[in-house]
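Numbering (this note's numbering), first residue to last: 2 to 473. Ideal Cβ positions, reconstructed from N, Cα and C, are used throughout, including at glycine. Below is one structure, written out as structure tokens, with a few remarks after it.
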């Protein structure tokens with residue numbers, strides 16, 4: 002069949018569809034020929050995507066229809082003789098194939114010029130549980146899952162407004178991955194929203210193999226070398242809902258258990274849900290602590306290296322920080338080796354079975370702890386500062402921000418080792434330039450409201466304030 006539209010002949014439709022879906026090869030694509038009101042009919046669905054109980058009831062209902070009760074056309078059939086809510090009519094083969102491959106039940110009836118699509122699908126999914134990464138001491142304990150419909154429902158549960166929009170798009174020639182844009186119609190920047198829609202529509206890839214990361218790389222292709230994150234990712238429905246209410250766009254990708262928030266500034270990335278689940282004074286302390294620790298993780302090791310190169314600059318009373326043991330390996334190489342070793346341990350922890358995690362932790366503590374110092378490879382002071390950096394990295398919810406700071410810290414270590422104080426200052430200037438010249442996906446300043454300066458908004462970003470409607 003060369004036409005893009007289906008015909009009224011069931012045999013022609015079946016021949017085309019059987020060939021298109023390779024039903025003889027794909028064991029999980031089920032088709033069955035039945036009689037409905039004296040007419041031949043055929044149904045198609047993917048095993049595992051349809052509810053068995055519902056399918057049984059539908060078949061029983063169809064087989065009980067008599068010839069006198071059989072509607073004359075498909076439109077009347079969908080209105081009067083189909084006891085189900087989500088029903089669609091299609092005559093385009095591309096759309097019919099797409100819906101069937103998505104798990105929709107397709108019904109062809111001889112003499113009808115359109116296909117009946119019954120959305121009775123159910124996807125294999127895990128339960129809604131608290132995410133492993135975005136945990137909070139207080140607040141809700143639910144998190145996004147890999148099924149996009151469940152994720153939109155979690156947001157709808159929190160925002161019961163008619164202004165909330167859930168717009169479905171697709172990307173990927175082969176995967177046809179579902180993408181949902183969530184936004185408040187009366188608060189979103191519609192110019193930026195249209196830009197996002199255009200960029201998604203212009204994506205020319207075969208598949209979004211890495212889900213959100215693949216989409217992020219397609220949406221933002223400028224300054225890819227700048228390591229600071231252009232998007233904020235969260236697995237928490239409450240965080241995503243809060244960003245939607247602030248006028249941002251939340252992008253959900255099917256098969257991904259996290260939401261992508263855009264546009265995102267450096268202040269958005271640093272914020273966490275715990276800031277708002279505690280009183281204002283506690284939330285402010287947590288937020289400022291996170292900022293301070295992020296700065297320290299960048300400065301501690303390069304500053305120590307600089308002071309060891311210039312012991313005369315060590316402040317009075319802090320002479321104890323000087324390395325007293327014999328240094329067999331230059332300090333710069335010790336820091337670089339440990340930076341790599343910490344990432345190796347992190348990768349090992351991710352790939353280690355749970356039953357072996359404890360022995361691995363003990364072995365790592367011994368090898369990279371006391372034994373590595375006693376062997377002469379590392380000095381105890383270097384181990385101490387790198388241990389602080391490794392632990393402090395986990396104060397940031399964003400992996401992307403942690404690695405951005407890590408890359409800039411390594412550059413600072415190398416420049417300090419080569420050029421001394423001028424390399425140290427130059428690396429800090431490079432860090433400031435990388436942050437200041439970075440742009441959000443919408444093209445606005447990455448450090449707003451610091452630049453352009455907006456003191457009122459800046460105070461809201463740095464301090465956890467009371468809700469506007471709260472009584473004094």
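When the distance is taken between beta carbons, is residue 44 closer than 9 Å to residue 100?
no
Indicate whether the contact test is met: 3 or more Cβ pairs, each with one atom in the region 440-449 and one in the region 258-270, closer than 8 Å.
yes
Once DSSP output is grouped into helix, strand and coil, what is the label at residue 35?
strand
Taking three-plus beta-carbon pairs below 8 Å as touching, is the region 252-260 in contact with the region 387-397?
no
Neighbour-count burial assignment, residue 49, 16 or more Cβ in a 10 Å radius
exposed
Residue 235 - containing beta strand (DSSP E), residue span
233-235
Closest by C-alpha distance to residue 56, when choosing among 70, 73, 76 and 83:
83
Going by DSSP in three states, residue 209 sits in which element: helix, strand or coil?
coil
Considering Cα atoms alone, identify which of 223, 113 and 237 is closest to residue 131.
237
Inter-residue spacing [alpha-carbon to alpha-carbon] between residue 224 and residue 431:
15 Å
Who does residue 446 pair with in a DSSP beta bridge?
440
What does a CB cutoff of less than 6 Å around residue 174 pick up in its chain, not counting 5 residues either side in sequence?
207
DSSP-derived helix/strand/coil call for residue 467
coil
Whole angstroms are fine: how far does the CA of residue 396 sit from the CA of residue 137?
12 Å
Pairwise C-alpha distance: residue 91 and residue 3:
Its pLDDT being 45, under 50, residue 3 is placed unreliably in this model, and the value from its coordinates should be taken loosely. Roughly 17 Å separates the two Cα atoms.
Runs of 4 residues minimum, wholly inside the region 255-328: which ones carry the alpha helix (DSSP H) assignment?
267-271 and 281-310
Can you tell me the Cα-Cα spacing of residue 423 and residue 127, whole angstroms?
54 Å
Does residue 144 pass the burial test, meaning 16 or more other C-beta atoms within 10 Å, or should it be called exposed?
buried
Under the three-state DSSP convention, the category residue 18 falls into
helix
Would you list the residues sitting across from residue 168 in a DSSP beta bridge?
182
N-terminal and C-terminal residue of the alpha helix (DSSP H) that residue 348 is part of
332-352
Please tell me whether residue 169 and residue 157 are closer than 9 Å, where the distance is taken between their beta carbons.
no
How far does the beta strand (DSSP E) with residue 157 in it extend, from its first residue to its last?
Premise fails: residue 157 lies in the alpha helix (DSSP H), 149-159, not in any beta strand (DSSP E).
Output yes or no for whether 9 Å exceeds the beta carbon distance between residue 243 and residue 277.
yes
How close, in whole Å, do the beta carbons of residue 219 and residue 204 come, if the pair is a contact with beta carbons under 8 Å?
5 Å
Quick check on the DSSP output: the alpha helix (DSSP H) that includes residue 390 runs from which residue to which?
381-393
Going by the beta-carbon positions, is the gap between residue 75 and residue 115 smaller than 9 Å?
yes
Taking the straight line between their C-alpha atoms, what separation do you get for residue 401 and residue 7?
48 Å
Should residue 215 go down as buried or exposed, given a rule of 16 or more other Cβ atoms within 10 Å for buried?
buried
Within its chain, find whatever has a CB closer than 7 Å to the CB of residue 344; leave out the 5 residues flanking it on each side and keep chain order.
none
In angstroms, rounded to a whole number, what distance separates the CA positions of residue 452 and residue 438?
11 Å
Residue 3 (DSSP reduced to helix, strand or coil)
Here the model assigns residue 3 a pLDDT of 45, short of 50, so the residue's position is not dependable, and the following value carries that caveat. Residue 3: coil per DSSP, three-state reduction.
From residue 134 to residue 417, what does the alpha carbon distance come to, in whole angstroms?
34 Å
Below 8 Å on the Cβ atoms is my guess for residue 162 versus residue 209; work out the distance and round it to an integer in Å.
Residue 162 to residue 209, Cβ: 29 Å. No contact.
Going by alpha carbons, who is nearest to residue 230 out of 403, 40, 31 and 410?
403
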